[in-house]
Amino acid sequence: MTRIDLRTEAWLSDIGLYCGGNTYDPEKLRQVTAEKSEWSERLKSNFEYVLNARQLSAQDYEEKVDIEFESDDQFYGYLKRLYAYLFEGGPFPEWN
């Protein structure tokens, strides 16, 4: 496993609550993030950090949240769609 920094670790923990293999509910996460709070602002900021730093691998994500992607490119494509869904009014992000 790649060494994960604190911002990425916090993001993984937050995302895992709603978008893990056993809890896949981005719809609920969208509802929660629509309510402006310290938590939702931190999630958005950490999400942007993860997308820009691109240090997390698909394998790292799978180990933490039990969702598998064939490649890092496929993984980051999904993350971009999930971010757009949560914060930009994008379509529902299918992952499989």
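Numbered by our numbering, the letters in the sequence shown go through residues 1403 to 1498 in order. Think of the CB as a built atom: it goes at the ideal place given N, C-alpha and C, for glycine as much as any other residue.
Nearest in C-alpha terms to E1496, of all of N1448, G1479, L1453, is G1479. Taken through DSSP and simplified to helix, strand or coil, N1424 comes out as coil. With a contact defined as Cβ atoms closer than 8 Å, Y1487 and F1494 qualify at about 6 Å.
For D1416, the number of other beta carbons within 10 angstroms of its own is at least 16, and it is reported as buried. Within the same chain, A1460 come within 8 Å of Q1476 by CB-CB distance, once the 5 residues on both sides are set aside.
Shown here, E1437 sits in coil according to DSSP, grouped into three states, outside any helix or strand. The beta carbons of T1410 and V1452 sit about 6 Å from each other, so the pair counts as a contact at 8 Å. Cβ-Cβ distances below 7 Å link S1442 to V1434, T1435 in the same chain, with the five nearest sequence neighbours on each side left out; the list follows chain order. In the three-state reduction of the DSSP assignment, S1442 falls in the helix class.
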